[in-house]
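Student: In the numbering used here, the protein residues as written are 858 to 1024. Here a beta-carbon is modelled for each residue, glycine too, at the ideal position from N, C-alpha and C. One structure is given below, represented as structure tokens, and several questions about it will come after.
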């Protein structure tokens, strides 16, 4: 009998918290948890956001390879962007966000915390597009108030597991 859900360890990733898996393989797909720009030794990548996106894509590729797939087989990405902070702090969000992407305008009604703008969008896209397959996977980009460890970007993905060639 085949397991319905498989979670493999990924030695090249920092240790994760006990209540999540880096990914679950199920039904020919790999569902990756969100990754932030931390190196295998757990240090956060400093500098421009593009460097963190590069590290995240390395982390996601390692997770996917541990589950029999790779970035070349991704079908969906979710990107979460937040303003960088010096430490994680919970924030109550009472906001309405409306994006008119045809006019590159973001309309907000914020009362507590400024949700991120798209000022780093070009840098994110430059690092992201270097690593994705053609045609590009489906993608969503979401502005949030905070992310773990005060980072400004987190990315999760779904990939297919390619069928194995018959010998």
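Taking residue 913 and residue 894 to be in contact with their CB atoms under 8 Å, please state how far apart those CB atoms are, rounded to whole angstroms.
Tutor: In the chain shown, the residue the question calls residue 913 occupies position 56. In the chain shown, the residue the question calls residue 894 occupies position 37. Yes, residue 913 and residue 894 are in contact; Cβ-Cβ is about 5 Å, under 8 Å.
Student: Using the rule of at least 16 other Cβ atoms within 10 Å of the residue's Cβ for burial, across every protein chain shown, is residue 926 buried or exposed?
Tutor: In the chain shown, counting from the first residue as 1, residue 926 sits at position 69. By the neighbour-count rule (16 or more Cβ atoms within 10 Å), residue 926 is buried.
Student: Roughly how many angstroms separate the alpha carbons of residue 897 and residue 867, rounded to a whole number?
Tutor: Counting from 1 along the chain shown, the entry for residue 897 is found at position 40. Counting from 1 along the chain shown, the entry for residue 867 is found at position 10. About 10 Å.
Student: Buried or exposed: which applies to residue 1016, given that a residue is buried once 16 or more other Cβ atoms fall within 10 Å of its Cβ?
Tutor: Within the chain shown, the letter at position 159 stands for residue 1016. Answer is buried; the Cβ neighbour count reaches 16.
Student: Report all residues from its chain with a CB closer than 6 Å to the CB of residue 999; omit the five preceding and five following residues, and keep chain order.
Tutor: Translated into the one-based positions of the chain shown, residue 999 becomes position 142. 937.
Student: State the DSSP-derived secondary structure class of residue 965, mapped to helix, strand or coil.
Tutor: Position 108 of the chain shown, counting from 1, holds the residue named residue 965. Unreliable placement is indicated for residue 965, whose pLDDT of 40 sits below 50; the coordinate value is still reported in the next sentence. Looking at residue 965 - three-state DSSP - the assignment turns out to be strand.
Student: Keeping to the same chain, check which residues put their C-beta closer than 7 Å to that of residue 890; ignore five residues upstream and five downstream.
Tutor: Here residue 890 is taken as the residue at index 33 of the chain shown, counted from 1. Once the five neighbours on either side are set aside, the close Cβ partners of residue 890 are 877, 878, 879, 880 and 1013.
Student: Ordered along the chain, which non-local residues of its own chain (more than five positions away) have a Cβ less than 8 Å from that of residue 910?
Tutor: As a position in the chain shown, residue 910 is number 53, starting the count at 1. Same-chain partners within the cutoff: 894, 980, 981, 984, 985, 1010 and 1012.
Student: Should residue 882 go down as buried or exposed, given a rule of 16 or more other Cβ atoms within 10 Å for buried?
Tutor: Looking up residue 882 in the chain shown gives position 25. Result: buried.
Student: Could you tell me the boundaries of the alpha helix (DSSP H) in which residue 921 lies?
Tutor: Against the chain shown, residue 921 aligns to sequence position 64. Unbroken alpha helix (DSSP H) run through residue 921: 906 to 923.
Student: Over the uninterrupted alpha helix (DSSP H) stretch that includes residue 1025, give me the two end residues.
Tutor: Only positions 858 to 1024 of the chain appear in the structure, and residue 1025 is not among them; the question remains open.
Student: Can you give me the C-alpha to C-alpha distance between residue 929 and residue 989, rounded to a whole angstrom?
Tutor: Position 72 of the chain shown holds residue 929. Position 132 of the chain shown holds residue 989. The straight-line gap from Cα to Cα measures roughly 6 Å.
Student: Where does residue 928 sit, in a helix, a strand or coil, going by DSSP?
Tutor: Taking the first residue of the chain shown as position 1, residue 928 is located at position 71. For residue 928, the three-state secondary structure derived from DSSP is helix.
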